[in-house]
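Oh and the sequence shown: position 100 is 112 in this note's numbering, straight run, nothing missing.
Glycine included, C-beta positions come from ideal geometry on N, C-alpha and C.
These figures come from a predicted structure and were not determined experimentally.
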Amino acid sequence: MLKECDRFGASCTQLMAKAQIPYPNFYQVVIRSNELSTPDETSRPVYLQEYTSKDMWEQVMVFWKAQLHNFVPRPEQAHKSDYTNHAQWMAALKELNLQAYGALLAQWKTEHQRRRNLWKAMSDLGLW
Numbered sequence: 013m014l015k016e017c018d019r020f021g022a023s024c025t026q027l028m029a030k031a032q033i034p035y036p037n038f039y040q041v042v043i044r045s046n047e048l049s050t051p052d053e054t055s056r057p058v059y060l061q062e063y064t065s066k067d068m069w070e071q072v073m074v075f076w077k078a079q080l081h082n083f084v085p086r087p088e089q090a091h092k093s094d095y096t097n098h099a100q101w102m103a104a105l106k107e108l109n110l111q112a113y114g115a116l117l118a119q120w121k122t123e124h125q126r127r128r129n130l131w132k133a134m135s136d137l138g139l140w
């Protein structure tokens, strides 16, 4: 459990293959350790181990599984018809919560059926 959380530090990212990360799309899109890593990255797991509950990782993932659909960017807010980010978030959602992914995809099919670039971006990631 906390051992899994340790894997999400920047130093661990370099050591581990993508296939070993439990939710690779979620990790890449939401956690974004490559962009947000800091010099204290190695001390964070030690701090978490000392001051948080043992099931912290499970609690965090329960939240993300239930709420990630609320964080997926809305297609109508795309910049210059670039939907790459939207498709990446949908891939992360599909990985964590298949039901929420299906519901949001169904909504997008009706509301955004004419956004060809959205469906191309989704298709490029194997989501459509």
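TODO: Pull up the distance between the alpha-carbon of Q79 and that of N109, whole angstroms please.
DONE: Distance between the alpha carbons of Q79 and N109 is about 9 Å.
Task: Spatially closest choice to A112 from W76, R128, A133, Q40, by CA coordinates - done: Selected option, being the one with the closest Cα: W76.
Task: T64 versus V74 - alpha carbon distance - done: Each residue's Cα considered, the two are about 16 Å apart.
- [ ] Quickly, what does DSSP pair D94 with across the bridge? List them, please.
- [x] Partner(s): H91.
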